[in-house]
Amino acid sequence: MKNIPKVVFILLVVTFLYAPILILAVYSFTDATTIGAIRGFSLHNYVTLFTTPELRDMIIGTVVLALGSAAIATVLGTMGAIGAFYSKKGPSSFISTLNQVPVINADVVTGFSICILLVVVLGISKDTFIPLVIGHVTLSAPFVFLSVLPKLKQMDPSIYEAALDLGATPARALRTIVVPQIASGIFSGFALAITLSLDDYFIATYTKPATFDTISTYVVNATKGSQTTIKTALWALSTVIFVIVVLIVLIGNARGAKKEGATA
Amino acid sequence: MRLSRKALGIPYAIFLVLFVAAPLLVLVYFAFTNGKGQFTVANFTGFFTDPNTLGTLFYSLCIALVTTAVCLLIAYPTAYFLAKSRFHRNGVLIMIFVLPMWINFTLRITALKEILTLIEGNLAYFPFLNSVIGMVYDFLPFMILPLYNTILRLDDSLIEAAKDLGANDRSAFFKITLPLSMPGIISGVAMVFLPSMTNYVVLDMLYNSTYIMGSLIGSYFSAYNWNGGSMIALILLAIICIFTILTGGDEEENRRMGGSLL
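Right under this line is the structure:
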C-alpha cells in the first residue's frame, strides 16, 4: 500500500489542472454570474455565445486567422526545411540559426519588433491584417521547419535518386517521393502552427487592427470590463473549447493505438 | 538538376531575413536613438539608473524564480510517478497532463481567477501569491513533458546496479536518477523561466498591478514610445541569450513534442 501517497499526489496535480476548467464548465450551465452562487440550470450562456454577432465574429476571426497563418507557415516552413536540408552547410546553417530566433525569443519581443518594423518604420496599416498575419506566420513557421527537418533526415536518399534515374523530373520526384515521406512531419507542424496561433496573445495585441479581436485579446479585454453577460458567455466558450480539445485528443489516441496495433 | 531542391529554401530564407533579422536590427536602432532619430544611450542608462525599472527587473526575476521552483517541485514527482507507472506505455496518462496546453491560456486563467476569487474573497490580498499560482497553472504542463520524456528513457539497470552495489533508495535517487534527469530539468526550466518573466497578461488578469519586464514593453507600446520599448525588448533579448547559452537551449524540442503528441 505504499502506492497510496503517489496516487494522492497525482490526483492533487490533476485536480489543480482541471478543477478550475470543470467548475467553470458546471457554472456555464447556470444563470449564476459568480462561482459559488447556487442557481438554476440555464443554457443562456450558450445562446449568447452563438448568437451575439460580436462574439461570433471574434471566434470565426480567430479560427480563420489560425488556419490561414498555419497554412502559409506550413508551406513556407516545409519548403525552407527541404531547401535547407539539401543546401550546402553555409546556407543551411544560416536558415537554421535564424529559424531558432522566434523559437527562443519571448513572444512579447517578437510581436513588438514586428510592429516596429512593419507599422512604425514601413507605415503598413494594421487594418490591412498584413502585420498580424506576418506575425503569426513568424511565430509558427519555425516550428513547422523543426517538425519537417527530422523526417527528411530519416528518409532514404537513394529512393529520390532512383526516381531521377527512372526519368522523373526533380519536381515530380519531390512531389511523389519526398513529400509523402515527410507528410507526418508536415501534418504535425501544421497542427502545432494552429495551436500556436490560437493560443497567442502578445503578437496579436501588437499587430492586430483595433477593431479586430482574437479569443485571447477579447478575453483579456472582457476581464477588465464589467459586462457580466459577456463574462459568463466566455465560460461557455471555455467549456466548448475544452470539449473540442478532449475529443481531438481522444480521436488522435484511438488512431495512434490502431496504427500501433497494425504494425505490431 | 539539384538546383530546384535548394531553391525551395529561398522564399523561407528571404522571409526570415525580412521578418526575423530585420525587426531585430530595427529594434537595436530604435533602442539607441531618441524620438528625433538622434543617437543616444539615454534609454540604456535610464533603465539601469531608474529604481522603478530596476525594481521591475527584480520583481520579474522573483516571480520567474519562484514559479520555476514550484513547477519543478510539482512536476518532477509527477513525471517520475507517471514514467515509472505500469500504465505509462499507452501514453494516455501523460496526455491528461499535457492536454491543458491546448486550451487557450487566457480562458484557463479566467477559470483560475474565478476559483481564486471564491477562495480568497478578494484577489488584492495576495498579488504575488496569485501571480505565481497563475504562472504555475499556465506553465506546469511545459515542465512535466520534458521531465517525463527524460525519465522515461532512463535505463533502470543503472539504478538496479547501484542498489546491488549497496546504495539505498535515497542515494540511488540522488546519485543516479537525479543527475541523469538533468537534461529534462534544464529544458523544463527554460520552458518556464523566460515566459514567466514576460507573460504580463497573467498578472493583469489576476489584478496584480505590479510590472514585470513584459508589462514595461506593453506600457511603452500604449504610450507610442517606440524607443523606450525597444530598449526593454533589447534587454529582454540579452537576458534570453544569456539564459539560452547557459542552458544549451533545446526549448524547441519540447514545444514541438507537444505538437507531435497530437
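Protein chains in written order, with my numbering: chain C, 1 to 264; chain W, 265 to 526.
Here a beta-carbon is modelled for each residue, glycine too, at the ideal position from N, C-alpha and C.
Every value quoted in this text rests on a predicted model; they were computed, and no experiment measured them.
Chain-ordered neighbours of residue i on chain W, where CB pairs are closer than 8 Å
i, result
"A307/C", "The question about residue 307/C has no answer, for chain C in this structure spans 1 to 264."
"F9/C", "P341, T342, F345"
Residues that residue i contacts on chain C, provided the C-beta gap is smaller than 9 Å
i, result
"G273/W", "M79, G80, A81, I82, G83, A84, F85, Y86, S87, P91, S92, I95"
"L500/W", "N105, A106, V108, V109"
"M469/W", "V219, V220, T223, K224"
Per DSSP, the bridge partner or partners of residue i
i, result
"T297/W", "F303/W"
"F270/C", "Past the boundaries of the shown model lies residue 270/C; chain C is included only from 1 to 264, so the question cannot be answered."
9 Å Cβ cut-off: residues of chain W touching residue i
i, result
"I186/C", "What I186/C touches in chain W: nothing, since even the nearest Cβ is about 12 Å away."
"S238/C", "I367, N368, L371, R372, T374, A375"
"L43/C", "Near L43/C there are no residues of chain W at all, since even the closest Cβ is about 19 Å away, more than 9 Å."
"I177/C", "Simply none; closest approach about 11 Å."
"T138/C", "F279, L280, F283, V284, P287"
"D213/C", "Chain W residues near D213/C: none, gap ~11 Å exceeds 9 Å."
Residue i vs residue j beta-carbon contact at 7 Å
i, j, result
"A255/W", "M446/W", "Outside the modelled stretch of chain W, which goes from 265 to 526, sits residue 255/W, for which no answer is possible."
"S216/C", "T370/W", "yes"
"A426/W", "A436/W", "yes"
"L117/C", "A277/W", "no"
"M460/W", "M399/W", "Residue 460/W is actually Ser in this sequence, not Met. Yes, these two residues count as a Cβ contact at 7 Å."
"G452/W", "P410/W", "yes"
"A414/W", "G448/W", "Going by the sequence as given, residue 414/W is Thr instead of Ala. Cβ distance < 7 Å, so T414/W and G448/W count as in contact."
"F202/C", "G68/C", "no"
"V148/C", "A210/C", "no"
"M359/W", "V14/C", "no"
"L192/C", "F143/C", "yes"
"P341/W", "F9/C", "yes"
"L288/W", "S113/C", "yes"
"L164/C", "A173/C", "yes"
"L318/W", "G83/C", "no"
"L501/W", "V178/C", "no"
"I423/W", "I397/W", "no"
Close beta carbons around residue i, own chain, < 7 Å, minus the five adjacent residues each side
i, result
"T30/C", "R39, G40, F41, S42"
"A388/W", "Y471"
"Y484/W", "G492, G493, I496"
"I21/C", "S238, F242"
"H265/C", "Given a span of 1 to 264 for chain C in the structure shown, any question on residue 265/C remains unanswerable."
"V219/C", "L234"
"L458/W", "I504, F507"
"L49/C", "L55, A233, A236, L237"
"P405/W", "F361, V362, P364, M365"
"L526/W", "Only weak support exists for where L526/W lies, its pLDDT of 40 falling under 50; the coordinates are left without a value."
7 Å Cβ cut-off: residues of chain W touching residue i
i, result
"S69/C", "None at all; the shortest Cβ gap to chain W is about 12 Å."
"K6/C", "F345"
"S216/C", "N368, T370"
"G40/C", "Neighbours of G40/C on chain W: none; closest Cβ ~19 Å, over 7 Å."
"F242/C", "I367"
Reference residue i; option with closest CA among the options
i, options, result
"L337/W", "G512/W, Y488/W, V456/W", "V456/W"
"I107/C", "N489/W, M477/W, A487/W", "Residue identity differs from the one stated: residue 107/C is Asp in this sequence, not Ile. Taking only the C-alpha atoms, the option nearest D107/C is M477/W."
"S140/C", "F202/C, A222/C, T195/C", "T195/C"
"G24/C", "G252/C, I241/C, V249/C", "As written in the sequence, residue 24/C is Leu, which differs from the Gly given in the question. Taking only the C-alpha atoms, the option nearest L24/C is I241/C."
"V133/C", "N221/C, A183/C, T205/C, T97/C", "T205/C"
"F308/W", "I358/W, L291/W, V362/W", "L291/W"
"F212/C", "T78/C, A37/C, V63/C", "V63/C"
"Y344/W", "Y401/W, L480/W, L444/W, G299/W", "L444/W"
"I159/C", "L76/C, Q181/C, A32/C", "Q181/C"
"L418/W", "L442/W, L429/W, N316/W", "L442/W"
"F190/C", "V246/C, T51/C, T74/C", "T74/C"
"S324/W", "S486/W, L510/W, L467/W, A487/W", "L467/W"
"I230/C", "K126/C, F16/C, P53/C", "P53/C"
"L76/C", "M58/C, G61/C, K89/C, I95/C", "I95/C"
"L393/W", "L329/W, A431/W, T313/W, G355/W", "L329/W"
Within chain C, the residues that residue i reaches when beta carbons sit closer than 7 Å
i, result
"L291/W", "S113, I116"
"G493/W", "F112"
"T508/W", "I104"
"M446/W", "Residues of chain C passing the Cβ test: none, with the nearest at roughly 20 Å."
Proximal residues to residue i (C-beta, below 8 Å), its chain only, five neighbours per side dropped
i, result
"W235/C", "L24, A25, Y27, S28, N45"
"I35/C", "I23, L24, Y27"
"T381/W", "L387"
"S184/C", "K151"
"R520/W", "Low confidence applies here, because R520/W scores a pLDDT of 49, under 50, leaving its location unreliable; read the following figure in that light. Around R520/W: no qualifying Cβ."
"E516/W", "At E516/W the pLDDT is 49, less than 50, meaning the model places this residue with poor confidence and gives no usable figure here."
Within chain C, partners of residue i - CB distance below 8 Å
i, result
"P315/W", "Simply none; closest approach about 23 Å."
"I504/W", "I104, N105, A106, V109"
Cβ-heavy atom distance, residue i to the ligand MN, below 6 Å
i, result
"L498/W", "Here there are no bound small molecules, and the ligand MN is not part of this structure."
Neighbourhood of residue i by C-beta, 6 Å cutoff - its chain only, sequence neighbours within 5 removed
i, result
"C505/W", "none"
"A347/W", "Y412, I415, L416"
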